[in-house]
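In our numbering, the protein residues as written are 2 to 192.
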């Protein structure tokens, strides 16, 4: 499991997720989370494509579900055997998208994933995180993430065309974020 330094988890998160992995023979458990905003408001972060707890066999994971599931490692518990056996590591040199790429490999090599529609992870939004900082090379970062994503889908998902298409849409969104990055207060260019 991965817990970011500013975040916190439900006291029973790992126990509940481990129980689900052991009782479903899943290799990954995924839960819902809450974004804790600066003014103590909370915003639910759920998998919208799934209405309730679910066991997902790899061959039945629809691309729209994968796009939602694979976004963050902090809401997951992984079988150490899955990670070790497939030598899954975070991509080096990426400041953005490393969670997604790690999960594309992990979820692609897993035969079964269990999803819990329970809020067990509390994510504190940090304005100084890599996602919120200005990057002078943002488009290079986006492009490197796109290439890593393509490779992960080729390796772990047999280059499934529907999954590649779903992540092409995400690439377009990342390109728009690269333009938005130029509006950041620390950007030297005017919008």
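Just so it is clear, CB atoms sit at the ideal spot from N, CA and C, and this is done for glycine as well.
These numbers were taken from a predicted model, which means no experiment stands behind them.
#1: Pull up the CB-CB distance for residue 37 and residue 123, whole angstroms please, since I reckon it's below 8 Å.
#2: Given 8 Å as the limit, is there contact between the region 46-53 and the region 14-25, that is, 3 or more CB pairs closer than that?
#3: Tell whether a beta-carbon distance below 8 Å holds between residue 120 and residue 8.
#4: Measuring only the C-alpha atoms, how far is residue 131 from residue 150?
#5: Apply the 10 Å Cβ neighbour rule to residue 143 and answer buried if 16 or more other Cβ atoms are within range, or exposed otherwise.
#6: For residue 165, which residues of its own chain have a beta-carbon under 6 Å away from its beta-carbon, when the five flanking residues on both sides are left out?
#7: Is residue 114 closer than 8 Å to residue 29 when the C-beta atoms are compared?
#8: Can you tell which of 92, 107 and 73 has its C-alpha closest to the C-alpha of residue 86?
#9: Do you know how far the Cα of residue 73 is from the Cα of residue 84?
#10: If you count every other CB in all the chains shown that lies within 10 Å of the CB of residue 81, and 16 or more means buried, which is it?
#11: On the DSSP letters alone, give me the boundaries of the beta strand (DSSP E) that residue 28 sits inside.
#12: I'd like to know if residue 57 contacts chain B, where contact means its C-beta is closer than 8 Å to some C-beta of that chain.
#13: Sorted by chain position, which residues of the same chain lie with C-beta nearer than 8 Å to residue 117's C-beta, five sequence neighbours on each side aside?
By the coordinates alone:
#1: 6 Å
#2: no
#3: no
#4: Reliability of the predicted coordinates at residue 131 is poor, the pLDDT of 49 falling under 50, and the value obtained from them is presented with this limitation in mind. Roughly 19 Å between the two C-alpha positions.
#5: buried
#6: 154
#7: yes
#8: 107
#9: 16 Å
#10: exposed
#11: It is not in any beta strand (DSSP E) - residue 28 carries neither H nor E in the DSSP assignment.
#12: Absent from the structure is chain B; it holds one protein chain and no more.
#13: 17, 18, 21, 30, 31, 32, 33 and 54
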